[in-house]
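Printed below as a string of structure tokens:
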């Protein structure tokens, strides 16, 4: 079972964890690391790295869910991914994706398979009213 970290701009991480817990109950193993605008980048990077290192020291793989591909939380997570194996990063996180990842993660499925399934199904979970008016 991989450890899960949620990170993003402002209150994204706390909001996503709160929403997940409304639906799935308390999630003690999920860590949230916010990137607050007035926070120095070095402080955010250190918080993220410390959380990742704690998981790696316990021989845990990590999935880092970020709000925006190419944003600071995503970029800092990718730097950690490039430094160590066992760190997986997802950008563009939405609630459906996160719920599915947590559910699959409980099944002891391999992390790579979880990510493939989550990415594929998240593409199918996005709709607009245009989809229904055709």
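Residue numbers (the working numbering): 6 to 139. Think of the CB as a built atom: it goes at the ideal place given N, C-alpha and C, for glycine as much as any other residue. Since this is a predicted model, take the numbers as computed values, not measurements.
Out of the options, which one is the CA nearest neighbour of residue i?
i, options, result
"residue 124", "64, 102, 113, 111", "102"
"residue 30", "138, 79, 108, 127", "108"
"residue 42", "33, 62, 15", "15"
"residue 70", "119, 129, 136", "119"
"residue 79", "39, 133, 129", "39"
"residue 27", "138, 90, 127, 104", "104"
"residue 131", "52, 63, 97", "97"
"residue 62", "117, 92, 127, 48", "92"
"residue 160", "83, 121, 84, 90", "Any question about residue 160 goes unanswered here, given that the chain covers just 6 to 139."
Could you round the C-beta distance between residue i and residue j to whole angstroms and report it? I think they count as a contact, below 8 Å.
i, j, result
"residue 25", "residue 68", "13 Å between Cβ atoms; not a contact."
"residue 66", "residue 7", "4 Å"
Find out if the Cβ-Cβ distance for the pair residue i, residue j is shorter than 7 Å.
i, j, result
"residue 50", "residue 81", "yes"
"residue 37", "residue 11", "yes"
"residue 35", "residue 22", "yes"
Can you tell me whether DSSP reads residue i as helix, strand or coil?
i, result
"residue 105", "helix"
"residue 34", "coil"
"residue 72", "coil"
"residue 118", "helix"
"residue 45", "coil"
"residue 10", "strand"
In whole angstroms, what is the alpha-carbon distance linking residue i and residue j?
i, j, result
"residue 114", "residue 86", "20 Å"
"residue 73", "residue 99", "10 Å"
"residue 137", "residue 112", "34 Å"
"residue 59", "residue 76", "24 Å"
"residue 110", "residue 117", "11 Å"
"residue 106", "residue 33", "15 Å"
"residue 52", "residue 127", "28 Å"
"residue 45", "residue 57", "19 Å"
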